[in-house]
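Numbering of the sequence shown is given in the numbering used here, commencing with residue -4 and proceeding in unit increments. Virtual Cβ for every residue (Gly too), placed ideally from N, Cα, C. As structure tokens, the structure follows; a few thoughts come after it.
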Amino acid sequence: LTYPLVKDVVAIMIPEPKGKEIVSLLERNITVMMYITIGTRNLQKYVSRTSVVFVSISFIVLMIISLAWLVFYYIQRFRYANARDRNQRRLGDAAKKAISKLQVRTIRKGDKETEPDFDNCAVCIEGYKPNDVVRILPCRHLFHKSCVDPWLLDHRTCPMCKMNILKALGIPVSTLQSSRLGQKGNTSYLGISLALCLSVPILLFVLCY
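Written out as structure tokens, the structure reads:
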């Protein structure tokens, strides 16, 4: 089908109910007269383009905001990681200082620590023998020096009663607080970034439908 004012092939589209109605009339040998005219230009194409542009701009803006928050989050995370490392080094130095102040004793033959009913070393779970070097903590618990020194460097607490040797010896431990604040800050920044990232597909769904 062609039309004088149109170069390409003209496509005629009608709704399905109208098509069925025409077929029903033709099946009953009823003459059907149809007038074909040029319809109005379909604006849906332009509406769709506008929607696509709006959705694309919204997506780009939200992605920029999300990326900005993520960059800010990772910068803060890097700062707090450095602060935490510095605190750990300070605590390690403080632990070494505290360990150097703890009492050291060598077990002699006949000492009560060599008796069978005396408690074993809580770190290695072995008994004490003559010539063993032990470390005595402020809580009066004792352990093999070679066993408890690495433990104290990492934990700074008694393996049995969990007494903090830094506090017991009067060494400040205020450096721990900034590390804890850093962990809370990282959690809050991560939550905000995730919320922004999740808002992108939700907004796109609302705009498209």
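- Runs of the beta strand (DSSP E) spanning 3 or more residues and lying entirely within the stretch 75 to 128 occur at 98 to 101, in chain order.
- For L132, there is no enclosing alpha helix (DSSP H), since its DSSP letter is neither H nor E.
- DSSP, reduced to helix, strand and coil, places L137 within a strand of the structure shown.
- In the displayed model, T26 falls within coil according to three-state DSSP, outside both helix and strand.
- In this structure, A163 lies near L132, with their beta-carbon atoms less than 9 Å apart.
- In this structure, the alpha-carbon of V143 lies about 9 Å from that of V129.
- When E121, V18, P111 and N126 are compared, the shortest CA-CA separation from K104 is found for N126.
- Annotation: A117 to H139 spans about 9 Å, alpha carbon to alpha carbon.
- For K162, the enclosing alpha helix (DSSP H) stretches over residues I160 to A163.
- CA-CA distance, R84 to M155, rounds to 25 Å.
- Under the DSSP definition of a beta bridge, T152 partners with N159.
- Distance from the Cα of R135 is smallest, within the candidate group P145, G122, S141 and V99, for V99.
- Taking 9 Å as the cut-off, the beta carbon of L147 is found closer than this to the beta carbon of I94.
- Within the model, the alpha-carbon separation for S61 versus R151 is close to 41 Å.
- Per the coordinates, the alpha-carbon of G122 lies some 14 Å from the alpha-carbon of S141.
- Here the alpha carbon of C153 sits roughly 11 Å from the alpha carbon of L161.
- Per the C-alpha coordinates, the member of I102, T45 and I9 positioned closest to M29 is I9.
- For N82, the number of other beta carbons within 10 angstroms of its own is at least 16, and it is reported as buried.
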